[in-house]
Amino acid sequence: QQQVKQSPQSLIVQKGGISIINCAYENTAFDYFPWYQQFPGKGPALLIAIRPDVSEKKEGRFTISFNKSAKQFSLHIMDSQPGDSATYFCAARREGAQKLVFGQGTRLTINP
Amino acid sequence: ETGVTQTPRHLVMGMTNKKSLKCEQHLGHNAMYWYKQSAKKPLELMFVYNFKEQTENNSVPSRFSPECPNSSHLFLHLHTLQPEDSALYLCASSQYADTQYFGPGTRLTVL
């Protein structure tokens, strides 16, 4: 119930393409879903987050799509750039809770 | 210094050693966290401190001993570790349950 399952584990996309990373959860009490981006030698940094009252949130080239009935959410990176090469983690938590439950991470490589 | 800093960045220790990891946050937050990051596994929350008080311990072995002397500093004391404890240890801070800001981590190798 506490798990967040993330796929794929690794992803290679050509420059200019669309990168898509998927996550699924079981706990219906989760109501905050952030995505973190981690570069080598750095800690994870918040990229974008969504709450279940909306089905989509867009910030620049990054979009979260949320399907409450399917208990799934995904990150789309449009016009992917080599600088987007990093590890991406989805996460989830309950309202007001401090514990974040993380997915396993996706190593994204954007080929020039 | 800005954000969340961690020292040392790399640490190699034997199983009988005692060492400490240090974390400092310069964001004025009231909550601090220790996470363990192992290859191909989700980040694992270890401890949570709110206003210097430990509020969560996720069944962490006693060979890991946290200390939070004030809201800006967090330590993780290590003793008699096992090779499987080798990982990246991340510190984070937040204002209550808001966005967590992570430090760069300490890469720990236990021989």
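The listed protein sequences derive, respectively, from chains A and B.
The first sequence begins at 123 in the numbering used here and counts up one residue at a time.
The second sequence begins at 55 in the numbering used here and counts up one residue at a time.
Glycine is no exception: its CB is placed at the ideal position from the N, C-alpha and C atoms.
Being a predicted model, the structure only gives us computed values, none of them experimental.
Which two residues bound the contiguous beta strand (DSSP E) that contains residue i?
| i | result |
| --- | --- |
| residue 159 of chain A | 152–160 |
| residue 181 of chain A | 178–181 |
| residue 130 of chain B | 127–133 |
| residue 221 of chain A | Looking at the DSSP string, residue 221 of chain A is not in any beta strand (DSSP E), and its letter there is neither H nor E. |
| residue 215 of chain A | 208–216 |
| residue 144 of chain A | 141–147 |
| residue 120 of chain B | 118–124 |
| residue 171 of chain A | 167–172 |
| residue 126 of chain A | 126–129 |
Beta carbon of residue i, beta carbon of residue j: below 9 Å?
| i | j | result |
| --- | --- | --- |
| residue 225 of chain A | residue 145 of chain A | yes |
| residue 228 of chain A | residue 211 of chain A | yes |
| residue 125 of chain B | residue 100 of chain B | no |
| residue 213 of chain A | residue 126 of chain A | yes |
| residue 162 of chain B | residue 135 of chain B | yes |
| residue 97 of chain B | residue 89 of chain B | yes |
| residue 84 of chain B | residue 105 of chain B | yes |
| residue 144 of chain B | residue 166 of chain A | yes |
| residue 159 of chain A | residue 202 of chain A | no |
| residue 68 of chain B | residue 132 of chain B | no |
| residue 196 of chain A | residue 143 of chain A | yes |
| residue 107 of chain B | residue 122 of chain B | yes |
| residue 150 of chain B | residue 128 of chain A | no |
| residue 79 of chain B | residue 155 of chain B | yes |
| residue 142 of chain B | residue 153 of chain B | no |
| residue 94 of chain B | residue 124 of chain A | no |
| residue 182 of chain A | residue 158 of chain B | no |
Determine which residues share a DSSP beta bridge with residue i and list them.
| i | result |
| --- | --- |
| residue 189 of chain A | A:194 |
| residue 80 of chain B | BP columns for residue 80 of chain B are empty, so no partner. |
| residue 150 of chain B | Paired residues: none, contrary to the question. |
| residue 161 of chain B | B:64, B:142 |
| residue 136 of chain A | A:233 |
| residue 86 of chain B | B:103, B:147 |
| residue 228 of chain A | A:210 |
| residue 59 of chain B | B:78 |
| residue 111 of chain B | B:101 |
| residue 72 of chain B | B:133 |
| residue 91 of chain B | B:142 |
Quick test of your reading: residue i and residue j, contact by CB under 8 Å. State the CB separation rounded to the nearest angstrom.
| i | j | result |
| --- | --- | --- |
| residue 171 of chain A | residue 147 of chain A | No, residue 171 of chain A and residue 147 of chain A are not in contact; Cβ-Cβ is about 14 Å, not under 8 Å. |
| residue 209 of chain A | residue 198 of chain A | With 8 Å as the limit, residue 209 of chain A and residue 198 of chain A do not qualify as a contact, their Cβ atoms being about 17 Å apart. |
| residue 147 of chain B | residue 58 of chain B | 6 Å |
| residue 73 of chain B | residue 61 of chain B | About 11 Å; that fails the 8 Å criterion. |
| residue 174 of chain A | residue 190 of chain A | 5 Å |
Taking 8 Å as the cut-off, is the CB of residue i close to at least one heavy atom of the ligand SAH?
| i | result |
| --- | --- |
| residue 62 of chain B | Of the ligands one can find in the structure shown there are none, so the ligand SAH has no counterpart to examine. |
Just to make sure I have the definition right: I need the residues of chain D whose C-beta is within less than 8 Å of the C-beta of residue i. Which are they?
| i | result |
| --- | --- |
| residue 211 of chain A | The chain inventory of the structure shown lacks chain D, comprising the protein chains A and B. |
message = Along the segment 84–100 of chain B, where does the CB come closer than 7 Å to a CB of chain A? Name the residues.
response = 85, 94, 95, 96, 97, 99
ask   = Relative to chain B, which residues along the segment 138–159 of chain A have a C-beta separation below 9 Å, given in chain order?
value = 154, 156, 158
message = Any C-beta of chain B within less than 7 Å: which residues of the segment 190–205 of chain A qualify?
response = none
message = Please identify, using Cβ separations under 9 Å, the residues of the segment 165–181 of chain A that lie next to chain B, in order along the chain.
response = 165, 166, 167, 168, 171
Chain A contacts from the segment 145–160 of chain B (Cβ-Cβ distance under 9 Å) = 145, 146, 148, 150, 151, 153, 154, 155, 156, 157, 158, 159
key: chain B contacts made by the segment 216–233 of chain A, where a contact means CB separation under 8 Å   = 218, 219, 220, 221, 222, 223, 224, 225, 226, 227
message = What are the residues in the segment 105–131 of chain B lying within 9 Å of chain A by C-beta distance?
response = The segment 105–131 of chain B vs chain A, Cβ under 9 Å: 109, 110, 112.
request  = Can you give me, in chain order, the residues of the segment 66–82 of chain B that have a beta carbon less than 8 Å from any beta carbon in chain A?
outcome  = none
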